[in-house]
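Quick note, the sequences are listed as chains E and V, same order. All the letters of the first sequence, read from the start, carry residue numbers 1 to 233 under the working numbering. All the letters of the second sequence, read from the start, carry residue numbers 1 to 233 under the working numbering.
Protein chains: 2
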Amino acid sequence: MTSNAAFAEVATLAGDPARAGMLHALMDGRALTATELARVAGITPQTASGHLSRLTVGGLITVEKQGRHRYHRLASPAVACMLESIMQVASDSAPRRKVFVGPRDLALRHARTCYDHLAGHLGVALADAMVARGQIELASDAGVVTDAGLALFDRLGVALEPPRKNKARLLCRPCLDWSERRPHLAGVVGAALCRHCFNAGWIRHVEGSRAIAITVKGERQFRENFGIGAAGA
Amino acid sequence: MTSNAAFAEVATLAGDPARAGMLHALMDGRALTATELARVAGITPQTASGHLSRLTVGGLITVEKQGRHRYHRLASPAVACMLESIMQVASDSAPRRKVFVGPRDLALRHARTCYDHLAGHLGVALADAMVARGQIELASDAGVVTDAGLALFDRLGVALEPPRKNKARLLCRPCLDWSERRPHLAGVVGAALCRHCFNAGWIRHVEGSRAIAITVKGERQFRENFGIGAAGA
DNA sequence: GCGATGTTACGGTGACGGCCGGAGCAACGG
DNA sequence: CCGTTGCTCCGGCCGTCACCGTAACATCGC
Numbered sequence: 001m002t003s004n005a006a007f008a009e010v011a012t013l014a015g016d017p018a019r020a021g022m023l024h025a026l027m028d029g030r031a032l033t034a035t036e037l038a039r040v041a042g043i044t045p046q047t048a049s050g051h052l053s054r055l056t057v058g059g060l061i062t063v064e065k066q067g068r069h070r071y072h073r074l075a076s077p078a079v080a081c082m083l084e085s086i087m088q089v090a091s092d093s094a095p096r097r098k099v100f101v102g103p104r105d106l107a108l109r110h111a112r113t114c115y116d117h118l119a120g121h122l123g124v125a126l127a128d129a130m131v132a133r134g135q136i137e138l139a140s141d142a143g144v145v146t147d148a149g150l151a152l153f154d155r156l157g158v159a160l161e162p163p164r165k166n167k168a169r170l171l172c173r174p175c176l177d178w179s180e181r182r183p184h185l186a187g188v189v190g191a192a193l194c195r196h197c198f199n200a201g202w203i204r205h206v207e208g209s210r211a212i213a214i215t216v217k218g219e220r221q222f223r224e225n226f227g228i229g230a231a232g233a
Numbered sequence: 001m002t003s004n005a006a007f008a009e010v011a012t013l014a015g016d017p018a019r020a021g022m023l024h025a026l027m028d029g030r031a032l033t034a035t036e037l038a039r040v041a042g043i044t045p046q047t048a049s050g051h052l053s054r055l056t057v058g059g060l061i062t063v064e065k066q067g068r069h070r071y072h073r074l075a076s077p078a079v080a081c082m083l084e085s086i087m088q089v090a091s092d093s094a095p096r097r098k099v100f101v102g103p104r105d106l107a108l109r110h111a112r113t114c115y116d117h118l119a120g121h122l123g124v125a126l127a128d129a130m131v132a133r134g135q136i137e138l139a140s141d142a143g144v145v146t147d148a149g150l151a152l153f154d155r156l157g158v159a160l161e162p163p164r165k166n167k168a169r170l171l172c173r174p175c176l177d178w179s180e181r182r183p184h185l186a187g188v189v190g191a192a193l194c195r196h197c198f199n200a201g202w203i204r205h206v207e208g209s210r211a212i213a214i215t216v217k218g219e220r221q222f223r224e225n226f227g228i229g230a231a232g233a
């Protein structure tokens, strides 16, 4: 069982509360420094450094040196997907009691990024709207963008990466939202849509959090293009 | 960060080598007793009992009492999906060296079940064959069954669960195979196909392993219906 | 009722690992 | 050049947890 040791190693790396906090913070896809990660995890920079070193050799994160800063980010989308799935299981078994949700948690539940796509109330509302309008079809396993959806992306100027080959259907991945318990849009399509929202100035990052804020412009665009009401409420 | 503690708890449960071995053994979707799982993990039944108790309260497995035996199985497909994704990350970072593959590992790589669908060389070969024949389309995020694929399933008598609503497209989920590094068929479609292979006597479980054996009848059927050569070699 | 088997509960032991403080090293700025 | 900042290495403390042996409890066959 050679693969078993590697499996346990990866799971152990994610299992420490301090490391889990750091990985959680990195789930927005951005790169953070060791000191920033130490602060979110509530430990000293020395301890954080050790953790980050272990995470790096374990292949969960990668480091990019820039001057006297060292920026850490998740190593791959596969890691983000793994963290998502663990959160999925954790939120399934966790609701032993209705937990207290602080204001910070509330902002996260409203709208956040999930590595490279939108999640929270906003992400789910967007997916719901597109399903209702026949622009995408979503099953539990997978999803597909219809011609109406392609037309919408074309009209909005959503840039797909890599550029779509006209032959194959455009497929997308549903991702069960841990706060809403309903699927939102992930995969290449979710990433493209999220990227477009940032580039067009519809949303922006909230400093020091995975939460995102909807701009005034974004509010209007979401209402006009997706029929989503004030602040996705 | 209420969800953080639950996250770390779940990851820690999967992170112990002994527990990882048990979860790995349960990945074939069957239910095993504490003694069997102890033997797989190489620990005493007492120790295994403690581990299984923790896994149960953690929501990773469920227990079914039957006489003096207690059968343990994975709690949900979400747990299986999580274990898959961890294995995915582990196999990404693990290939530090070409590891020795024993005969037991070899059987696993040839053909095995992955919770509820087929994996290994056989699983990948089936997916490849269906893609080549235009019966399914697979992207990295998702997949879809074409009309040709639906016709094939109909001809073979593959029973979909739940029965397909004629309106929506039949979507499927690709699952990156850790041994082949290529996608095989998962999700409801993969599960239906796997179930049909068992029911029709094309494959059978190898006792005491996640590996499966292809019967003589199955060999002929796989060749005739999917063009897969001897033993999927 | 009496062994045999499967499973759980308890106490003790040992080790792995997280944490911090102190010190050493690069990088930027004045 | 020197002080500041960001990060890493080292040594030591301490809590947690995996493991086993012993023992108790349920279930089945005789």
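Every residue, glycine too, gets a C-beta built ideally from N, C-alpha and C. Note that the coordinates shown come from a computational prediction; the quantities given were computed from them, not determined experimentally.
Open item on the list: Suppose you measure from the CA of V:Asp-147 to the CA of V:Gly-229; what does that come to, to the nearest Å?
Closed with: In the second sequence, residue 147 of chain V corresponds to position 147, counting from 1. In the second sequence, residue 229 of chain V corresponds to position 229, counting from 1. So the two alpha carbons sit approximately 25 Å from each other.
Task: The beta strand (DSSP E) enclosing E:Gln-66, as first and last residue numbers - done: Within the first sequence, residue 66 of chain E is the residue found at index 66, counting from 1. Segment 61 to 66, the beta strand (DSSP E) holding E:Gln-66.
- [ ] Measure the beta-carbon distance from V:Leu-32 to V:His-72 and round it to whole angstroms, keeping in mind my assumption that it falls under 8 Å.
- [x] Locating residue 32 of chain V in the second sequence gives position 32, where the first residue counts as 1. Locating residue 72 of chain V in the second sequence gives position 72, where the first residue counts as 1. Sure, about 6 Å apart at Cβ, within 8 Å.
TODO: Find out if the Cβ-Cβ distance for the pair E:Asn-199, V:Gly-21 is shorter than 8 Å.
DONE: One-based indexing of the first sequence puts residue 199 of chain E at position 199. One-based indexing of the second sequence puts residue 21 of chain V at position 21. No; because the gap between Cβ atoms is not below 8 Å, this pair is not in contact.
Open item on the list: So, at 7 Å on beta carbons, what are the nonlocal neighbours of E:Gly-134 in its own chain, with the 5 sequence-adjacent residues on each side left out?
Closed with: Walking along the first sequence from the start, residue 134 of chain E turns up at place 134. Thr-146, Ala-148, listed in sequence order.
Task: chain V within 8 Å of E:Met-87, Cβ atoms only - done: In the first sequence, the residue the question calls residue 87 of chain E occupies position 87. At least one chain V Cβ lies under 8 Å of E:Met-87.
Open item on the list: To be precise: take each residue of the segment 193 to 223 of chain V, compare its Cβ to all Cβ atoms of chain E, and keep it if any distance is under 7 Å. Which residues remain?
Closed with: none
Open item on the list: Check whether chain E comes within 8 Å of V:Gly-67, counting only Cβ atoms and requiring the distance to be less than that.
Closed with: On the second sequence, position 67 is the one that residue 67 of chain V refers to. No, V:Gly-67 does not count as interfacial toward chain E.
Task: V:Ala-186 and V:Arg-173 closer than 8 Å at C-beta - done: The residue you call residue 186 of chain V lines up with position 186 of the second sequence. The residue you call residue 173 of chain V lines up with position 173 of the second sequence. The answer is yes: Cβ separation under 8 Å.
Task: E:Leu-138 versus E:Val-131: straight-line alpha-carbon distance, rounded - done: Reading the first sequence from its first residue, position 138 is the one you call residue 138 of chain E. Reading the first sequence from its first residue, position 131 is the one you call residue 131 of chain E. About 7 Å.
Task: Contact with chain V by E:Pro-17, beta-carbon distance below 8 Å - done: On the first sequence, position 17 is the one that residue 17 of chain E refers to. Closer than 8 Å: yes.
Task: Minimum length 4: unbroken alpha helix (DSSP H) runs contained in the segment 93 to 152 of chain V - done: 103 to 110, 120 to 132
- [ ] Counting only the same chain and skipping the five closest in sequence on each side, list residues whose C-beta sits under 7 Å from that of V:Arg-54.
- [x] One-based indexing of the second sequence puts residue 54 of chain V at position 54. Counting only Cβ-Cβ distances below 7 Å, and skipping sequence neighbours, we find Leu-13.
Task: Cβ-based neighbour list, V:Ala-107, same chain, cut-off 7 Å, excluding 5 preceding and 5 following - done: Against the second sequence, residue 107 of chain V aligns to sequence position 107. Closer than 7 Å at Cβ, skipping near neighbours: Val-206, Ser-209, Ala-211.
TODO: Examine chain V for any beta-carbon lying closer than 8 Å to the beta-carbon of E:Met-1, and answer yes or no.
DONE: Taking the first residue of the first sequence as position 1, residue 1 of chain E is located at position 1. No answer about E:Met-1 holds up, because its pLDDT of 49 lies below 50 and its placement is not dependable.
TODO: For the beta strand (DSSP E) holding E:Pro-174, just list the boundary residues, first then last.
DONE: The residue you call residue 174 of chain E lines up with position 174 of the first sequence. Unbroken beta strand (DSSP E) run through E:Pro-174: 171 to 176.
Task: Contact set between the segment 153 to 175 of chain V and chain E, restricted to residues whose Cβ is under 7 Å from the partner - done: Ala-168, Arg-169, Leu-171, Cys-172, Arg-173
Task: Range of the contiguous alpha helix (DSSP H) that encloses E:Pro-45 - done: Counting from 1 along the first sequence, the entry for residue 45 of chain E is found at position 45. Here the alpha helix (DSSP H) through E:Pro-45 covers 45 to 57.
- [ ] Would you verify that the beta carbon of V:His-110 is, or is not, closer than 8 Å to some beta carbon of chain E?
- [x] Here residue 110 of chain V refers to the residue found at position 110 of the second sequence. It does not; no Cβ of chain E falls within 8 Å.
Open item on the list: Can you give me the C-alpha to C-alpha distance between E:Ile-214 and E:Trp-178, rounded to a whole angstrom?
Closed with: Translated into the one-based positions of the first sequence, residue 214 of chain E becomes position 214. Translated into the one-based positions of the first sequence, residue 178 of chain E becomes position 178. Going by the C-alpha atoms only, they are around 20 Å apart.
Open item on the list: Any C-beta of chain E within less than 7 Å: which residues of the segment 10 to 38 of chain V qualify?
Closed with: Val-10, Ala-11, Thr-12, Ala-14, Gly-15, Asp-16, Pro-17, Ala-20, Gly-21, His-24
Task: Separation of E:Leu-26 from E:Ala-119, as counted between CA atoms - done: Stepping through the first sequence from its first residue, residue 119 of chain E is reached at position 119. Stepping through the first sequence from its first residue, residue 26 of chain E is reached at position 26. Between E:Ala-119 and E:Leu-26, the C-alpha separation is close to 15 Å.
Task: Terminal residues of the alpha helix (DSSP H) in which V:Arg-275 lies - done: With chain V covering 1 to 233 only, the question about residue 275 of chain V has no answer from this structure.
Open item on the list: Could you pull the DSSP bridge partners for V:Leu-185 from this structure?
Closed with: Reading the second sequence from its first residue, position 185 is the one you call residue 185 of chain V. Answer is V:Pro-174, bridged to V:Leu-185.
TODO: Give the straight-line distance between the Cα atoms of V:Leu-171 and E:Leu-60, rounded to the nearest whole angstrom.
DONE: On the second sequence, residue 171 of chain V is found 171 positions in, with the first residue counted as 1. On the first sequence, residue 60 of chain E is found 60 positions in, with the first residue counted as 1. Whole-angstrom Cα-Cα distance: 30 Å.
Task: Where E:Arg-223 sits in the DSSP three-state scheme - done: For this step, residue 223 of chain E is matched to residue 223 along the first sequence. Residue state, collapsed to three classes: helix.
Open item on the list: Counting only beta-carbon separations shorter than 8 Å, does E:Ala-151 have a partner in chain V?
Closed with: Position 151 of the first sequence, counting from 1, holds the residue named residue 151 of chain E. Chain V contact via Cβ: absent.
Task: Proximal residues of chain E, C-beta to C-beta of V:Met-82 below 8 Å - done: Taking the second sequence and counting its residues from 1, one reaches residue 82 of chain V at position 82. Simply Met-82, Ser-85, Ile-86, Gln-88, Val-89.
TODO: Can you have a look at E:His-69 and say buried or exposed, based on whether 16 or more other CB atoms are within 10 angstroms of its CB?
DONE: As a working mapping, residue 69 of chain E is identified with position 69 in the first sequence. By the 10 Å Cβ count, E:His-69 comes out exposed.
TODO: Starting from V:Arg-39, trace the alpha helix (DSSP H) both ways and give me its first and last residue.
DONE: Locating residue 39 of chain V in the second sequence gives position 39, where the first residue counts as 1. Its alpha helix (DSSP H) spans residues 34 to 41.
- [ ] Could you check the C-alpha separation between V:Leu-23 and V:Gly-15 for me, to the nearest Å?
- [x] As a working mapping, residue 23 of chain V is identified with position 23 in the second sequence. As a working mapping, residue 15 of chain V is identified with position 15 in the second sequence. Roughly 10 Å between the two C-alpha positions.
Task: Alpha carbon of E:Pro-163 to alpha carbon of E:Gly-157, nearest angstrom - done: As a working mapping, residue 163 of chain E is identified with position 163 in the first sequence. As a working mapping, residue 157 of chain E is identified with position 157 in the first sequence. Looking at the two C-alpha atoms, the distance is approximately 12 Å.
- [ ] Identify the contact partners of V:His-187 in chain E, using a Cβ-Cβ distance below 9 Å as the criterion.
- [x] As a first step, residue 187 of chain V is located in the second sequence; it is residue number 187 there, counting from the start. The question names His, yet the displayed sequence has Gly at residue 187 of chain V. Near V:Gly-187 (Cβ distances below 9 Å), the residues of chain E are Ala-139, Ser-140, Asp-141, Ala-142.
- [ ] Just confirm the distance between the C-beta atoms of V:Gly-29 and V:Asp-105, as a whole number of angstroms; I'd bet it's less than 8 Å.
- [x] By 1-based counting over the second sequence, the position of residue 29 of chain V is 29. By 1-based counting over the second sequence, the position of residue 105 of chain V is 105. About 20 Å; that fails the 8 Å criterion.
- [ ] Using alpha carbons as the reference points, say which of V:Ala-34, V:Asp-154, V:Arg-19 lies closest to V:Lys-65.
- [x] Start at 1 with the first residue of the second sequence, and residue 65 of chain V comes out as number 65. Considering only alpha carbons, the answer is V:Ala-34.
Task: Stretch pair the segment 34 to 49 of chain E + the segment 78 to 87 of chain V: three plus CB contacts closer than 8 Å - done: no
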